[in-house]
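Here is the structure we will look at, set down as structure tokens.
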């Protein structure tokens, strides 16, 4: 007589995450934090009334390194920061697209992020009125991501009538947008940058033909990276399985944590970094302007 042992059905864990996606997202966020730290170290002297009276070798050296780092972002001196900036921006937006392929409701995600972006703009203009920010944020990275998610969601719905069209439409659209955006130099801001907000250019701020603000990312060509990520997610991660399961482990948990909470780190990192620089400077004898 053969006995059978009842087994519980194996259900997909809805909380299961692909570790390398969190890792890459976290790495991109940490690179952004480093980039903004360098900016603060380059600009910190303007925050203190006695910055040129305090001759601290440590801060002087950090300031020199920050200036050297940011100097490589100029179009006439293309170097490490110039290329690293666009590589990490592309990586982050590409991963946004991959997440769209794994999400159940991109319309909801995009809409909620849009509200966060609008609130962020409101705060930025309050800070501008206080003299803390120079221009405020009209269409920054959060706005770009939110609208990109909604665009990807719309294309996904429209193309569901055919599986192959649904799979390859993001790839084609993404390549076309990147080609147009890069070909027109929308990404480089070599066209006139508005030093005062212009109502007539608002659509240009969104599309990428005009630039304005302390943080600015027009849709062209950046939304192209999101569409390419959407294609990659559909083609490679349809089963939500890691491509490198053997490499996952405790070693990547800190960076993965950052990747899982990327929005929180984005919203908090600038205040935290500036606060850290201010605290260190105050301990070294600097005096705030206000």
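Residue numbers (our numbering): 2 to 291.
Yeah, the Cβ is synthetic: ideal placement off N, Cα and C, and Gly gets one too.
DSSP places residue 196 in no alpha helix (DSSP H); its state is neither H nor E. In this chain, the alpha helix (DSSP H) harbouring residue 157 covers 142-159. Taking 8 Å as the cut-off, the Cβ atoms of residue 149 and residue 97 count as close. Pairwise C-beta distances place the stretch 17-37 out of contact with the stretch 55-66, as fewer than three of them are shorter than 8 Å. The residues 143, 146, 147, 150 and 264, in chain order, have a CB closer than 8 Å to that of residue 114 in the same chain once the five nearest residues on each side in sequence are set aside. The residue among 136, 27 and 273 with its C-alpha nearest the C-alpha of residue 199 is 136. Per DSSP, the unbroken alpha helix (DSSP H) holding residue 280 starts and ends at 263-284.
The three-state secondary structure of residue 244, taken from DSSP, is coil.
Closest by C-alpha distance to residue 129, out of 108, 214 and 226, is 214. Comparing alpha carbon positions, the residue from 123, 89, 278 and 286 closest to residue 44 is 278. A distance below 6 Å between beta-carbons, with the five flanking residues on each side excluded, links residue 166 to the following residues of its chain, in chain order: 160. The C-alpha of residue 53 lies about 16 Å from the C-alpha of residue 41. If you draw a straight line from the Cα of residue 55 to the Cα of residue 276, it is about 19 Å long.
The closest CA to that of residue 104, considering only 92, 154 and 59, is found on 154.
Per DSSP, the unbroken alpha helix (DSSP H) holding residue 81 starts and ends at 81-103. In this structure residue 246 is exposed. Its beta-carbon is surrounded by fewer than 16 other beta-carbon atoms within 10 angstroms. Taking 8 Å as the cut-off, the beta carbon of residue 174 is found no closer than this to the beta carbon of residue 222. Between residue 230 and residue 94, the C-beta gap is smaller than 8 Å, which places the two residues in contact.
A direct Cα-to-Cα measurement between residue 288 and residue 281 gives close to 11 Å. Note on geometry: alpha-carbon atoms of residue 131 and residue 255 lie some 36 Å from one another. In this structure, residue 87 lies away from residue 140, with their beta-carbon atoms at least 8 Å apart. Under the criterion of beta carbons closer than 8 Å, residue 266 and residue 117 do not qualify as touching, at roughly 14 Å. Pairing residue 269 with residue 163, the inter-Cα distance amounts to about 42 Å.
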